[in-house]
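Heads up: the sequence shown at position 24 corresponds to 24 in UniProt numbering, and the numbers run straight through without jumps.
Working notes, beginning with the structure itself.
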Amino acid sequence: MEEQPVRVLACGDVEGRLNALFNRVQTIQKKTGQFDLLLCVGEFFGTTPEAEVEWQQYKTGVKKAPIHTYILGAASQETVKNFPSADGCELAENITYLGRRGVFTGASGLQIAYVSGKEALHEPAPAHCFTSKDLSALVAPLTSTSKFRGVDILLTSQWPRGVWHYGNNPEVDTKSCGSSSVANLADKLKPRYHFAALEGVHYERVPYRNHVVLQENAQHVSRFIALASVNNPAKKKYLYAFNIIPMKTMDPSELVKQPQDVTENPYRRATKDKTDTLKSSFSTEEEEPSHQFFFDLSKKHPDGEGRGRDQHDGDRHHQGPKQPRRHPQPSGPCWFCLASPQVEKHLVISIGTHCYLALAKGGLTPHHVLILPIGHYQSVVELSSEVVEEMEKYKSALISFYKSKGERCVLFERNYRSQHLQLQVVPVPLDRCTTEDIKEAFMVQAQEQQMELMEIPEHTDLKQIAPPGTPYFYVELDSGEKLFYRIQKHFPLQFGREVLASEALLNIPTRADWKECKQSREEEEESCKQLRDDFQSYDFTWDE
1 MEEQPVRVLA CGDVEGRLNA LFNRVQTIQK KTGQFDLLLC VGEFFGTTPE
51 AEVEWQQYKT GVKKAPIHTY ILGAASQETV KNFPSADGCE LAENITYLGR
101 RGVFTGASGL QIAYVSGKEA LHEPAPAHCF TSKDLSALVA PLTSTSKFRG
151 VDILLTSQWP RGVWHYGNNP EVDTKSCGSS SVANLADKLK PRYHFAALEG
201 VHYERVPYRN HVVLQENAQH VSRFIALASV NNPAKKKYLY AFNIIPMKTM
251 DPSELVKQPQ DVTENPYRRA TKDKTDTLKS SFSTEEEEPS HQFFFDLSKK
301 HPDGEGRGRD QHDGDRHHQG PKQPRRHPQP SGPCWFCLAS PQVEKHLVIS
351 IGTHCYLALA KGGLTPHHVL ILPIGHYQSV VELSSEVVEE MEKYKSALIS
401 FYKSKGERCV LFERNYRSQH LQLQVVPVPL DRCTTEDIKE AFMVQAQEQQ
451 MELMEIPEHT DLKQIAPPGT PYFYVELDSG EKLFYRIQKH FPLQFGREVL
501 ASEALLNIPT RADWKECKQS REEEEESCKQ LRDDFQSYDF TWDE
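Here's what the structure looks like:
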């Protein structure tokens, strides 16, 4: 027998506008049929005389809510008076206060976890705030059983801090919005739907997954939805309608289906931002001032000034309190740290704030380049967020550049027997082979060497699959598809080049080893100058 879904409406801050809310609900129910319950997050009561008059009509039974309505407690001191106790109770016919925190299980088996109010900033907590003890008391009984998979719905007034990571951006000030405790709660309870309010905006985050790809069994996805206040003048969405089959009665294979747009879990950013730890691990007492390595690229802007970030950048901190940027430094010599005396600066094409672009030494093709971090990072999974962001800008610029040349690009990284991250970017003429051909060549040639390249979902963050320190080989295709191999013991160092140079792709097998493709310094300088000129109109660092 097929399970009947529960029909649910969720609402943002009502702020006492009960007639507007319930009229809207009645209109919806006339069109689409009766809903089973209405869940209200944020501030339910208002503080104006008009709001008080409206509430008295429902409280005294003159009016009745047209649907079973469940609300959260006060989110400000002004509305505390409307709640007789911290425990849940019926406030009027069909209007139930859920309580300070807890779990409500409906007759259908639908499980709803909830926390009222805002996070307390100090003890003792005001009546409209929750504490870490409240959250522990909610989480512990649920997660203590081995059968716990998550809850169907989580209701909080406050947003979870950082929910936007890996996802679409909300129209809020992300520096101050949300609570870390609510984020931790959402991470532990794994709700299929999480509703919040208080920010006056509507935001539906793309779904995120609750498991680590290739490391844990598939689990259901979570959807976070923030709703605006009822009858807001900007007409932002404040009501959300959905059908849900309770988790406990759902077919497990249906429950764990992953939608196309699913992302990584925003609350489990593997290394968060590693800048601080990297600084303490790698930084020398005094870093070389930046003007020692932000050198002139023999190019001038039309106004006669040196390239975007001119040679005096490193001295700017003398003019004010702004300190020079500190990049992580190696403990010994490194050929690829831009501040290092060993780096071959004549191969540099472009320099950003966190990354730079260089011509590959002994490249497979004239346009074979490397994207490298300026500071000392060993692999992509160790990069801080701002370095990743700039690396993505370089990727996009190169994709456009190659496209103008009738080429598609393949990116690969080998985090094995390497000291400094080198993201290899190799263009392949569009008329030579398709993206599918490239993917197949990597798969087949890996199998021939008893290696299994795994395809990983497009929105997967590499940090979730390969924690820092894990040796791996990774390929990214122009379609967004990614291939990954966790290196066990041995790995052919030239594997990426060998596949691309093979007959199936570029058909230049003699160039598989970079040492066989060396040019003289003069030839390298000429090639680099040519590529720098060609790339200039795509180089975002010229605009900054």
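Ideal placement from N, C-alpha and C gives every residue a C-beta, glycine not left out.
- CA-CA distance, W159 to P252, rounds to 29 Å.
- Looking at P471, A241, P509, P5, the one whose alpha-carbon comes closest to that of F491 is P471.
- Around the beta carbon of G61, fewer than 16 other beta carbons sit within 10 angstroms, so the residue counts as exposed.
- The beta carbon of S132 lies closer than 7 Å to those of S181 in the same chain, with the five residues before and after it left out.
- Pairing H128 with Q77 gives a Cβ-Cβ distance under 7 Å.
- Nearest Cα to I153 within the set H220, Q488, P468: H220.
- Y208 sits close to T263, with the two beta carbons spaced by under 7 Å.
- Put simply, the backbone Cα of G33 is about 42 Å away from that of D461.
- DSSP, read as helix, strand or coil, puts C177 in coil.
- As for any beta strand (DSSP E) of minimum length 3 sitting wholly inside the stretch 140–184, the runs are 153–156, ordered along the chain.
- The beta carbon of G200 lies closer than 8 Å to those of D13, A228, S229, N232, K236 in the same chain, with the five residues before and after it left out.
- Ranking V499, I349, P330 by CA distance to the CA of F412 puts V499 first.
- In the structure shown, A397 adopts helical secondary structure according to DSSP, grouped into three states.
- Counting along the chain, no alpha helix (DSSP H) covers C337, and no H or E run does either.
- Going by DSSP, A20 is part of the alpha helix (DSSP H) stretching over 18–32.
- A residue is called buried once 16 or more other Cβ atoms fall within 10 Å of its Cβ, and W335, having fewer, is exposed.
- V426 is bridged by DSSP to V410.
- Remark: three or more beta-carbon pairs, one from each stretch, lie closer than 8 Å, so the stretch 25–44 and the stretch 65–72 are flagged as touching.
- Judged by DSSP secondary structure, K482 falls within the beta strand (DSSP E) whose first and last residues are 482–486.
- L72 and N23 have their alpha carbons spaced roughly 21 Å apart.
- Using a Cβ distance threshold of 7 Å, V206 and N243 do not count as a contacting pair.
- CA-CA distance, H367 to A113, rounds to 55 Å.
- Just so you know, the alpha carbons of Y166 and K64 end up roughly 43 Å apart.
- In this structure, DSSP gives A74 a state outside helix and strand, which the three-state scheme calls coil.
- If the five residues before and after C528 are omitted, its C-beta is found closer than 7 Å to the C-beta atoms of H346, L347, I349, L359, all from its own chain and listed in chain order.
- E524 and G352 have their C-alpha atoms some 21 Å from each other.
- In this model, N415 and S222 are separated by some 32 Å (Cα to Cα).
- Where G496 is concerned, the enclosing alpha helix (DSSP H) starts and stops at 495–501.
- Of the other Cβ atoms in all chains shown, 16 or more fall within 10 Å of the Cβ of N210; this residue is therefore buried.
- Judged by DSSP in its simplified three-state form, I438 adopts helix.
- Listed in chain order, the non-local C-beta contacts of T47 below 6 Å within the same chain comprise E78, local neighbours out to five positions each way being set aside.
- In this structure, K118 lies near A75, with their beta-carbon atoms less than 7 Å apart.
- In this structure, DSSP gives D87 an extended state, which the three-state scheme calls strand.
- Ranked by how close their Cα comes to the Cα of V425, the residues E440, V8, L398 have L398 in first place.
- Non-local beta-carbon contacts of F83 in its own chain, meaning distances under 7 Å to residues more than five positions away in sequence, involve G73, A74, Y97 in chain order.
- Assignment of L505 by DSSP, reduced to helix, strand and coil, places it in the coil class.
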